[in-house]
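Everything on this sheet refers to the single structure shown next.
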Amino acid sequence: MSDIKKVKSALISVFHKDGLEPIVKQLNSLGVTIYSTGGTEKFIKDLGIEVVAVEDLTSYPSILGGRVKTLHPKVFGGILGRRENEGDLSQLESYQIPEIDIVIVDLYPFEKTVASGASEQDIIEKIDIGGISLIRAAAKNFKDVICVSSMNQYDEFLSLISEDEGRISLSDRKKFASKAFAVSSHYDTAIFKYLNAEGSEIEFRESFNLSTPLRYGENPHQKGYFFGNLDGLFDKLHGKELSYNNLLDVDAAVNLMNEFQGEAPTFAILKHNNACGLAQRETIEEAYKEALAGDPVSAFGGILISNTAINVATAEEIHKLFCEVVIAPSYEEEALSILKGKKNRILLIQKEVKLPSMNFRTALNGVLSQEKDDKTDQVSDLTNVTELNPSESETSDLLFASKICKHTKSNTIVLVKNKQLFASGTGQTSRVDALNQAIAKARHFNFDLKGSVMASDAFFPFPDCVEIADKAGITAVIQPGGSIKDQLSIDYCNENKMSMVTTGTRHFKH
Numbered sequence: 032m033s034d035i036k037k038v039k040s041a042l043i044s045v046f047h048k049d050g051l052e053p054i055v056k057q058l059n060s061l062g063v064t065i066y067s068t069g070g071t072e073k074f075i076k077d078l079g080i081e082v083v084a085v086e087d088l089t090s091y092p093s094i095l096g097g098r099v100k101t102l103h104p105k106v107f108g109g110i111l112g113r114r115e116n117e118g119d120l121s122q123l124e125s126y127q128i129p130e131i132d133i134v135i136v137d138l139y140p141f142e143k144t145v146a147s148g149a150s151e152q153d154i155i156e157k158i159d160i161g162g163i164s165l166i167r168a169a170a171k172n173f174k175d176v177i178c179v180s181s182m183n184q185y186d187e188f189l190s191l192i193s194e195d196e197g198r199i200s201l202s203d204r205k206k207f208a209s210k211a212f213a214v215s216s217h218y219d220t221a222i223f224k225y226l227n228a229e230g231s232e233i234e235f236r237e238s239f240n241l242s243t244p245l246r247y248g249e250n251p252h253q254k255g256y257f258f259g260n261l262d263g264l265f266d267k268l269h270g271k272e273l274s275y276n277n278l279l280d281v282d283a284a285v286n287l288m289n290e291f292q293g294e295a296p297t298f299a300i301l302k303h304n305n306a307c308g309l310a311q312r313e314t315i316e317e318a319y320k321e322a323l324a325g326d327p328v329s330a331f332g333g334i335l336i337s338n339t340a341i342n343v344a345t346a347e348e349i350h351k352l353f354c355e356v357v358i359a360p361s362y363e364e365e366a367l368s369i370l371k372g373k374k375n376r377i378l379l380i381q382k383e384v385k386l387p388s389m390n391f392r393t394a395l396n397g398v399l400s401q402e403k404d405d406k407t408d409q410v411s412d413l414t415n416v417t418e419l420n421p422s423e424s425e426t427s428d429l430l431f432a433s434k435i436c437k438h439t440k441s442n443t444i445v446l447v448k449n450k451q452l453f454a455s456g457t458g459q460t461s462r463v464d465a466l467n468q469a470i471a472k473a474r475h476f477n478f479d480l481k482g483s484v485m486a487s488d489a490f491f492p493f494p495d496c497v498e499i500a501d502k503a504g505i506t507a508v509i510q511p512g513g514s515i516k517d518q519l520s521i522d523y524c525n526e527n528k529m530s531m532v533t534t535g536t537r538h539f540k541h
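Offset between the sequence shown (1-based) and my numbering: plus 31.
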């Protein structure tokens, strides 16, 4: 028997009617019998097209406030009946069940209802039962039935039935079945996550409908994709498409700058997920210049992000630098014109969107998941453990450095003075190596470390780090504490008139 089947009947039950009209008209022109119910039935009738009410097929009305409309053997039998199975065909004939070749469904908008802040009662009513059942039944029987499971598939399906007078191949039916189970899976995941918002069930369930093929992955020989809705987070104003590595850097930049929202103008430059420059000043132009001074070499090809609008003066300075991406909450019109002077430079406006509260990544043959590190060290978290307390300006710098440290690859040491990142040691296997790297880098760019402060993402098991820091001119230290040998570092600080505060919170980042 041929894999090509000519469609003769269709069941249509959709929430969104946009884009449905040309499909209905095309089916009508092909002589397809159309079954429908509720609002969809009325929509089709209003087009002047004949439609058979599901209630007439089943001899049962829509009941329970519309909760039960299509859940009936005369509907599901017509969908699930196997056309090559004599027993199935005999039963269909015996019970006067018509074969259904097409099922078109668009589910209740559950996720949009949740996002709208609706009441729990309204949200529960938007859990589609009949629609999801129709999708699964039609997709299961893809050998005989084609399932259109979302309004996003309307255009593709219309092209398909228009190409060969309603003849549809097995491969196309199977492709649409795959899409259908993707829709079903995503829908169920959204419901689970809503009902399990408090995390009473420890299960890993994530699903993203939107996918974007990238030019390649981390390297040109690797395929790469982004799953998610970037348009929900950014307005892209200019430039080439974001790459896999761009997206990793943008993610790091956004999470870092979130630490400084609502504060004085702050500018950061990132490279390979780490800040190579960051400063806070009275104007965003000054903040950018000081951030760039932190490491003008690494800034080449970097990701730039501001916590406030970018004006003309700042844009003129940025335009002198080759950078991949610029992110800001807004741009002055003339500033935007300047920055568009480089055709590939990506310009993004970041929207006020809540980021996910959970992190996950593949590991071995499974997935690691954890709560996001949303702890930002505050003055109230600090414990003065040395005889000398940090000054007010040192305390301000210590908290500033701690924010950067939290978003830098471990092991890390961050050096700050006057709310300017002097240097950081990033991703080192030894904390001593991280400190030495930071000191060497700061000196390379002619920073005077005298009076600077040091932040560490984890405790000091030995006093070697505070000794090296002291000899470099560093006067204050912030670290989690918790080593059984904390006292050795505290003693050294006391003996050499350094101040140290502990936070009680480690900020590893791997």
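Using N, Cα and C, we set each Cβ at its ideal position, and we do this for glycine too.
Expected contact under 8 Å - CB spacing of residue i and residue j to nearest Å
| i | j | result |
| --- | --- | --- |
| Glu130 | Leu123 | 7 Å |
| Val82 | Ile75 | 4 Å |
| Leu429 | Ala486 | 7 Å |
| Val497 | Ser520 | 5 Å |
| Lys403 | Pro387 | 7 Å |
| Asn277 | Val356 | 6 Å |
| Ala318 | Phe298 | 4 Å |
| Ala507 | Leu466 | Going by Cβ atoms, the distance from Ala507 to Leu466 rounds to 14 Å, so no, they are not a contact pair. |
| Ala213 | Cys178 | Not quite, the Cβ-Cβ distance comes to about 11 Å (not below 8 Å), so this is no contact. |
| Pro360 | Ile334 | With a Cβ gap of about 16 Å, Pro360 and Ile334 do not count as contacting. |
Separation of residue j from residue i, as counted between CA atoms
| i | j | result |
| --- | --- | --- |
| Leu165 | Leu42 | 9 Å |
| Glu423 | Pro140 | 53 Å |
| Ile80 | Phe223 | 39 Å |
| Met531 | Lys472 | 23 Å |
| Gln152 | Arg98 | 14 Å |
| Pro92 | Lys105 | 13 Å |
| Lys36 | Phe539 | 59 Å |
| Ala295 | Ser337 | 11 Å |
| Asp49 | Met182 | 8 Å |
| Met32 | Asp77 | Caution applies to Met32, whose pLDDT of 48 falls short of 50 and renders its modelled position unreliable; the value that the coordinates give is listed next. Those two C-alpha atoms are separated by around 39 Å. |
| Ile155 | Glu229 | 17 Å |
| Asp479 | Phe291 | 25 Å |
| Thr68 | Leu111 | 19 Å |
| Asp405 | Arg537 | 12 Å |
| Lys100 | Asp34 | 32 Å |
| Phe328 | Ala322 | Reading off the sequence, residue 328 comes out as Val, not Phe. Going from the Cα of Val328 to the Cα of Ala322 covers about 12 Å. |
| Val45 | Tyr185 | 11 Å |
| Asn525 | Leu419 | 7 Å |
| Arg376 | Tyr362 | 15 Å |
| Ser202 | Asn342 | 55 Å |
| Ala284 | Tyr247 | 21 Å |
| Ile369 | Pro244 | 30 Å |
| Arg236 | Phe391 | 11 Å |
| Tyr225 | Leu287 | 28 Å |
| Arg204 | Ile192 | 12 Å |
| Asp195 | Asn59 | 15 Å |
| Asn260 | Leu241 | 6 Å |
| Gly255 | Glu272 | 13 Å |
Reference residue i, options the options, closest by Cα
| i | options | result |
| --- | --- | --- |
| Val136 | Gln152, Thr457 and Gly70 | Gly70 |
| Lys371 | Gln381, Pro360, Phe353 and Val384 | Phe353 |
| Glu52 | Val134, Leu189 and Gly161 | Leu189 |
| Asp219 | Ser202, Thr460, Ile158 and Ala465 | Ile158 |
| His303 | Lys320, Gly332, Leu323 and Arg312 | Gly332 |
| Leu15 | Arg167, Val357, Ile334 and Ser238 | Lying outside 32 to 541, the shown extent of the chain, residue 15 is not represented and no answer is given. |
| Leu367 | Met389, Ala340, Asp408 and Arg392 | Ala340 |
| Gln401 | Leu264, Ile233 and Lys502 | Ile233 |
| Glu547 | Leu309, Glu348, Leu301 and Ala330 | Outside the shown range of the chain (32 to 541) lies residue 547, about which nothing can therefore be said. |
| Thr534 | Asp495, Gln451 and Lys434 | Lys434 |
| Gly458 | Leu452, Ala469 and Asn442 | Asn442 |
Extent of the continuous alpha helix (DSSP H) to which residue i belongs
| i | result |
| --- | --- |
| Tyr225 | Leu201 to Leu226 |
| His103 | Careful: His103 lies outside any alpha helix (DSSP H) and carries neither H nor E. |
| Pro53 | Glu52 to Ser60 |
| Lys171 | Gly161 to Lys171 |
| Ser530 | First-last for Ser530: Ser530 to Thr533, but that is the beta strand (DSSP E), not the alpha helix (DSSP H). |
| Tyr185 | Tyr185 to Glu194 |
| Tyr523 | Asp517 to Glu526 |
| Leu123 | Glu117 to Ser125 |
| Ala146 | Phe141 to Ala146 |
Terminal residues of the beta strand (DSSP E) in which residue i lies
| i | result |
| --- | --- |
| Ile14 | Past the boundaries of the shown model lies residue 14; the chain is included only from 32 to 541, so the question cannot be answered. |
| Val85 | No beta strand (DSSP E) holds Val85; the alpha helix (DSSP H) holding it covers Val85 to Thr89. |
| His269 | Phe265 to His269 |
| Ile177 | Ile177 to Val179 |
Whole runs of the alpha helix (DSSP H) within the stretch 316–375, excluding any shorter than 4 residues | Under the rule that a run must span 4 or more residues, the alpha helix (DSSP H) segments found entirely inside the stretch 316–375 read 343–349 and 364–370.
Could you pull out every unbroken beta strand (DSSP E) segment of at least 3 residues lying fully inside the stretch 370–408, listed in chain order?
-> 377–381, 389–394 and 397–402
Ignoring anything shorter than 4 residues or poking outside the stretch 242–308, list the alpha helix (DSSP H) runs there in chain order.
-> 275–288
Where are the alpha helix (DSSP H) runs, 4 residues long or more, that stay fully inside the stretch 421–495, in chain order?
-> 423–437 and 462–475
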